[in-house]
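A short write-up of the structure that comes next.
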Amino acid sequence: MFKPKMRENQQDFHCQNKHDSSIHLVVLDQNLDKKERLLCNECMENFKSDAQTMEFKKVNQIIEDIIEQNMKSFENISQQTVQQLQTYIKSLQELKTQFIKLFDTLIKIAEDWSVNLLEQIQQYNQYSFYDELDSFIKNKNTNYILNDQNIQQLKLIPSKQRQSQIQGDQVTIYQNQLFKFLTIREAACNAIVLILLGQLYYQPKRLILKYGGLQMENQNQQKY
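In the numbering used here, the protein residues as written are 1 to 224.
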């Protein structure tokens, strides 16, 4: 775990009256400016106040203990969050893979279907006079263009009868792909929602991880 590190340099601290001396005491008065709460030995000689004071080293140690405790809580929840995110990433990657497979399959079906229809167009451009004459006479319909069999072949949406003619292996492949997609959809959707919300609440310590930034709230102000 990381150790608390003060941003300021302790040697740069100045006492209330800007003496060139080491800091010894801290005045625990919230009405004072944060840079006016430090006292050196010389300041203490003329210091008069009802406010509580505390040794500088002791205050600094208490602050570091609090920060270390908060960092420990933050580290714990961060590790748990990282583990959850790794799980979500895996689910999303699986969902992405299944999406790609499903879309590739649909694209392939549509492409093959398009090619087949274009080939049929070319086939219909050629005809046998004898066969067409025979069909014309049998149907006794001078307005015929395509016979029923050809019309069924050109339907854009397959009927149940045509679906039953599809090879069983192909149906099984499509069903398996769809099943895999549906089985991971719920977990992946939950992951997406949590990631988009971007916030996890850690109530016991009021530690809030929100949109990548850490905010800490103390429910009860600690007294020294």
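All C-beta atoms in this analysis are idealised placements derived from N, C-alpha and C, irrespective of residue type, glycine included.
- Minimum Cα-Cα distance from Met6 among the listed residues Ser135, Gln61 and Asp112 corresponds to Gln61.
- In the DSSP annotation of this structure, Met6 is not part of any alpha helix (DSSP H), being labelled neither H nor E.
- Of Lys108, Phe47, His24 and His19, the smallest CA-CA separation from Phe56 is found for His24.
- Sixteen is the threshold: when 16 or more other Cβ atoms of the shown chains lie within 10 Å of the Cβ of Leu39, as they do, the residue is buried.
- Checking the DSSP bridge columns, you'll see Glu55 partnered with Leu25.
- Rounded to whole angstroms, the Cβ separation of Val82 and Thr53 is 43 angstroms, and the two are not in contact under 8 angstroms.
- Put simply, the segment 10-19 touches the segment 41-48. At least three CB pairs are less than 8 angstroms apart.
- Counting the other Cβ atoms within 10 Å of the Cβ of Phe13 gives fewer than 16, which makes it exposed.
- Boundaries for Cys15: no beta strand (DSSP E) harbours it, and the DSSP string shows neither H nor E there.
- In this structure, the beta-carbon distance from Pro4 to Ile100 does not fall below 9 angstroms.
- Bounds of the alpha helix (DSSP H) holding Leu133 are Phe129 to Asn139.
- DSSP places Leu95 within a helical segment (H, G or I) once states are collapsed to three.
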